[in-house]
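Listed in order, the protein sequences are those of chains A and B. The numbering of the first sequence is numbering that gives the first Met the number 0, which starts it at 0 and goes up by one. The numbering of the second sequence is numbering that gives the first Met the number 0, which starts it at 0 and goes up by one. Structure record follows, encoded as structure tokens.
Protein chains: 2
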Amino acid sequence: MWSKARKRILVLGGGFGGIYTVRALQKALHGRTDIEIALVNQENYFVFQPMLAEVISGNIGLLNTVTPIRDLCPGATLYVRTVERIDLDHKVVITSHGFRPEPSVLPYDYLVLALGTLDNFGVVRGLQEHGLHFKTLGDALVVRNRLIHLLEEADSEPDAALRRRMLTFVMAGGGFSGVEAIAEVNDFVRDVARRYPHVDPAELRVILVHAGPRILPELPASLSRYAQTMLTRRKVEIRLQTRLAAVTADEAHLTDGSVLPTKTVIATIGATPNPVLRALPCQQERGRLVVNAALEVPEYPGVWALGDCAHILDHTTGQPCPPTAQYAVREGTRVARNIVAAIEGTAPRPFAFADWGVMGALGHRAAVGQVLGIRVSGWPAWVLWRAVYWSKLPGVTRKVRIALDWLLRLLLPRDYAQLNVSPSERIMREHFEAGEVIVHQGDPGDHMYVMIDGEVEVVQQQAEGGERVVATLTQGEWFGEMALFNEEPRGATVRTLTTVNVLSVDRRTFQTLVTHIAPLRDAFERLMRHREAEDKARRQHHEEERVLC
Amino acid sequence: MWSKARKRILVLGGGFGGIYTVRALQKALHGRTDIEIALVNQENYFVFQPMLAEVISGNIGLLNTVTPIRDLCPGATLYVRTVERIDLDHKVVITSHGFRPEPSVLPYDYLVLALGTLDNFGVVRGLQEHGLHFKTLGDALVVRNRLIHLLEEADSEPDAALRRRMLTFVMAGGGFSGVEAIAEVNDFVRDVARRYPHVDPAELRVILVHAGPRILPELPASLSRYAQTMLTRRKVEIRLQTRLAAVTADEAHLTDGSVLPTKTVIATIGATPNPVLRALPCQQERGRLVVNAALEVPEYPGVWALGDCAHILDHTTGQPCPPTAQYAVREGTRVARNIVAAIEGTAPRPFAFADWGVMGALGHRAAVGQVLGIRVSGWPAWVLWRAVYWSKLPGVTRKVRIALDWLLRLLLPRDYAQLNVSPSERIMREHFEAGEVIVHQGDPGDHMYVMIDGEVEVVQQQAEGGERVVATLTQGEWFGEMALFNEEPRGATVRTLTTVNVLSVDRRTFQTLVTHIAPLRDAFERLMRHREAEDKARRQHHEEERVLC
């Protein structure tokens, strides 16, 4: 526990940058009981990011890409919390609370910021509501389960168009992360589809959408071309020089005007800084904290930043350092040594590092990369990829487990048990583009909707054929609530006239809320009476019309 | 797909009973293209229940106790759905919908009911709200993560009483399932606690509550005693002849009047039939479907029932068959053969089976059991337990994976990465016993509450000391909503006067609802104005009192 007598070095973030800072500090400060090293991370484990894509396909067991932080950094104090606020002037960090109602306040003497970045799904309409992330272990699991869920559903779906929609998988972003993930998605669905007797492999579509003229822009053009050829041969469709324009529950709209019918859009686009860092009174460069050559925040001595959340210029080249694990690890070591220098009163040293290269896996025994200036591709690159990353795995336990996983993948069939990890949300936002149908007349209903913005029309099929617009609804209005109570099918179709955002509430939640919250019950009852009166009036009007005809 | 020309055998439930029925059917009907075998199950996998407890402690990898059903029953049609209704007169089963809005309707010619039972947490106050299940793979994961979460929190909790509350784990139910689970919980927390520097192992309490005079009542008394001694030696506290009376977020109340401060109550009590079966117009015995000696439902020829959901009398002894995997497997084979007999027009045969015995694992290399009449205990029983159940694992893949898991457990340290699978509910019911505090004056607040029933008092600490009851609230009234908007600490303490059930809504959900649902916003604003006026009046009254004094 913290006491005034001890100095505390507080590291925020347990990715490559944070963990390797702590490890280097522990080594350098071994035996110093007057210094406490503490780490704040949202999870109690460190994720070995380069192998996360293999969790999707099940090449690697669910928990084998992660290592408990306490095992990696024994002796450091770990807080499994979310950072809520940093107060640089008072030298405290405020984190989320656990079982106590009050947030925790962690004072520090030295602070290391290694909070990485967040996905910025706000850049594309509907992406926040319907897009899948691929950043954390939880994300990889969600993607994996979505794939299995869709295969299961497709297997018993007689409608061919709907089945193809279920069997189309879209990835936005052709950098290393997107390419590695879509390669694993492709391997997985094409392999596992064979167990689904009613899924025709020809119906599977796996699509990679990339804004630039070639994927993997970090590599020389010849290697990008190699990767493209290899993925195309494995039936991944590559769409270049286009990007996501909008995503709904049923479609991906691209900027080139094409619309892909799909229920799965994964995105590795749009990194944004952690909002906690954005709030700091420090210079930032495109959302990253500007640090000096020693990786210290110039406005606040004693505060360091590194990894993806820091804007670091390479001391020798003057170029910004790329946001890769290699750099984060080296930056962590440098920050640790400079903190030790600060404690001991010696001079800090600038950060400098020449990377050994870049590599990307392309699924099924292929990879591509440039290592120490030499271009490699195909299975030799894949062997090299595995050798390099395996050797970087922290700890013997993971090395053994992952080696066994890889061995078993050669011997045993692929696993595809669908471990449901994300119970469907009961209150959620949904996005629709213009011209989409939100509810269909005649369908049973189990959600009600509140309009957040946009405009919809309510139309009814007429007995004599044709349809009639019954109402148009805008912000704040409700629809679909009738079917939740009388268990009758939807009495009308609701179609969007513009892009529309709604709040959808499922039957159980709506009933709970209406039962226990009196004002809501009253409003609901008023609305029911109003709808009934309207309906009656309309029928009467209709009768009259008919009589007049 | 189903067509009139083919006959369909539909099996509901993918536990031991359902899966082994399908497998026996497939064997007997091999090559018959005029008969379709279909199975409905909520998950796409079969759980090998006897090893589920080892998932808690991580002896076995998360997905290694489960096998994809398509691998176990290739050629059968699988529907990953929930059964919503069975219409025996029209010979159709209605299941939940997938991506389509309408439910699926599955016609059948022969029907097998193998839906097992559900936990009946309604028998204990607050158990539904705060108890943990131990029945499915998801349950095992939730329990595992709760244990890790509590260890993490306890490690940074300075309040000793709160820390001990976090480190107390209670299991209700001393049958095989409860004993095996609590033994694994005990092994896990005591082993992993060593990685938590601020957790004193002496603070750990693991408690087994059992209603009867001895645990494992299915075994001879001497073996029950052995199990009790063994568990006690490993520091499991056993409370006999008492049961849960009530559960809250912070306490377990027992019928003997004792109150255990704990945040973890797991229960394996109170099996109840699936409500879908309860609705059937068939004779039932204590919630189980009564079948004839051939396992057919007498009222509806062509409908069979087996496993935990059926009331089966052993043909030879006249005793009800126990709800165990052994019996379910044998019953499945018998049902399959009798269906084949029905198809072929031959006579069905009655079910008869003499079990080979019962065994229960006690954690860390100990078990207990009676096999072929011989009593076994200790590590020989444990070796036998593993040998027997390993040999029963379906398929080579699981056999290899689990053998490797067991081997690795001997060589590598235990894993304790906390894979968050259940995002905290945003709207949930909470139960409180009389005299508990729901919100504390001065604490920051991130939930608002709606009273479902019971009575609470709102009290304020006075500046001059002492406290004053400001209000009492009952059904339908709200509290705690102020703190969600003005970010100020709670202005009063709310304490229960009776047992109380509330609906708690978290900040984000409440803000979303209030922002988008106008009637709720209006009611909320009215309430805010009312509270402010009340507050002002109270302050004025106070001033006057002071002036008068």
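Cβ atoms here follow ideal geometry from the backbone N, Cα and C, with glycine treated the same way. Nothing here was measured: the structure is a model prediction, and the numbers come from that model.
> What residues from chain B crowd round residue 425 of chain A, counting only those whose CB sits closer than 8 Å?
Replying inline: 425 and 426
>> Let me check one thing: in DSSP terms, what residues is residue 86 of chain A bridge-paired to?
In response: A:91
>> 9 Å is my cut-off, CB to CB: does residue 443 of chain B come that close to chain A?
In response: yes
>> Suppose contacts are defined by Cβ-Cβ distances below 9 Å. Is residue 404 of chain B in contact with residue 63 of chain B by that definition?
In response: yes
> In angstroms, rounded to a whole number, what distance separates the CA positions of residue 284 of chain A and residue 274 of chain A?
Replying inline: 14 Å
> With respect to the alpha helix (DSSP H) encompassing residue 251 of chain B, which residues constitute its N-terminal and C-terminal limits?
Replying inline: Taken as a continuous stretch (DSSP letters only), residue 251 of chain B belongs to no alpha helix (DSSP H), being part of the beta strand (DSSP E) at 250–253.
>> Please return the same chain residues whose Cβ sits closer than 8 Å to the Cβ of residue 43 of chain A, not counting the five positions on each side in sequence.
In response: 67, 68, 69, 77 and 79
> In chain B, which residues lie less than 8 Å from residue 262 of chain A when you measure between Cβ atoms?
Replying inline: 98
>> For residue 360 of chain B, list the residues DSSP reports as bridge partners.
In response: B:366
> Per the contact definition of three or more C-beta pairs closer than 8 Å, is the segment 335–350 of chain B in contact with the segment 139–151 of chain B?
Replying inline: no
> Going along chain A in order, which residues have a C-beta closer than 7 Å to the C-beta of residue 107 of chain B?
Replying inline: Chain A residues near residue 107 of chain B: none, gap ~15 Å exceeds 7 Å.
> Who are the Cβ neighbours of residue 369 of chain B in its own chain at under 7 Å, not counting the five residues just before and after it?
Replying inline: 218, 219, 222, 356 and 357
>> Let's test the definition: count the other Cβ atoms within 10 Å of the Cβ of residue 539 of chain B and tell me whether it reaches 16, buried, or not, exposed.
In response: exposed
>> Pull the bridge partners of residue 124 of chain B from the DSSP assignment, please.
In response: B:245
> Between the beta-carbon of residue 202 of chain B and the beta-carbon of residue 166 of chain B, is there less than 9 Å?
Replying inline: yes
> So is residue 467 of chain B buried or exposed if we call it buried at 16+ other beta carbons inside 10 Å?
Replying inline: exposed
> So what does residue 469 of chain A bridge to, in DSSP terms?
Replying inline: Answer by DSSP bridge pairing: none, since residue 469 of chain A is not bridged.
> Can you tell me where the alpha helix (DSSP H) with residue 355 of chain A in it begins and where it stops?
Replying inline: That residue, residue 355 of chain A, is in no alpha helix (DSSP H); it is neither H nor E in DSSP.
>> Taking its Cβ as the centre, do 16 or more other Cβ atoms sit within 10 Å of residue 58 of chain A, making it buried, or is it exposed?
In response: buried
> If you count every other CB in all the chains shown that lies within 10 Å of the CB of residue 251 of chain B, and 16 or more means buried, which is it?
Replying inline: buried
> At which residue ranges does the segment 102–163 of chain A contain complete alpha helix (DSSP H) runs of 4 or more residues, listed in the order of the chain?
Replying inline: 126–129 and 136–154
> Roughly how many whole angstroms lie between the Cα atoms of residue 528 of chain B and residue 438 of chain B?
Replying inline: 21 Å
>> So, for residue 49 of chain A: in the same chain, excluding its five sequence neighbours on each side, which residues have a beta-carbon less than 6 Å away from its beta-carbon?
In response: 388
> From residue 473 of chain B to residue 502 of chain B, what distance separates their C-alpha atoms?
Replying inline: 13 Å
>> If I follow the unbroken beta strand (DSSP E) through residue 460 of chain A, where does it start and stop?
In response: 455–460
>> Run through chain A and tell me which residues come within less than 8 Å of residue 165 of chain B, C-beta to C-beta.
In response: 98
> Based on Cα-Cα distance, which residue from A:383, A:499 and A:366 lies nearest to residue 476 of chain A?
Replying inline: A:499
>> If we define contact as Cβ-Cβ less than 9 Å, is residue 492 of chain A a contact residue for chain B?
In response: no
>> Rounding to the nearest angstrom, what Cα-Cα distance links residue 89 of chain A and residue 456 of chain A in this structure?
In response: 55 Å
>> Against residue 65 of chain A, what residues of chain B qualify as contacts under a CB-to-CB distance less than 7 Å, listed in chain order?
In response: 416
> If you measure from the beta carbon of residue 472 of chain B to each beta carbon in chain A, is any gap under 9 Å?
Replying inline: no
>> Within 9 Å of any Cβ in chain A, is that where the Cβ of residue 522 of chain B sits?
In response: yes
>> Once the 5 residues before and after residue 295 of chain B are set aside, which same chain residues still bring their CB inside 6 Å of it?
In response: 303
> Does any C-beta atom of chain B lie closer than 9 Å to the C-beta of residue 148 of chain A?
Replying inline: yes
> How is the alpha helix (DSSP H) around residue 185 of chain A delimited, first residue to last?
Replying inline: 175–191
>> I'd like to know if residue 534 of chain B contacts chain A, where contact means its C-beta is closer than 9 Å to some C-beta of that chain.
In response: no
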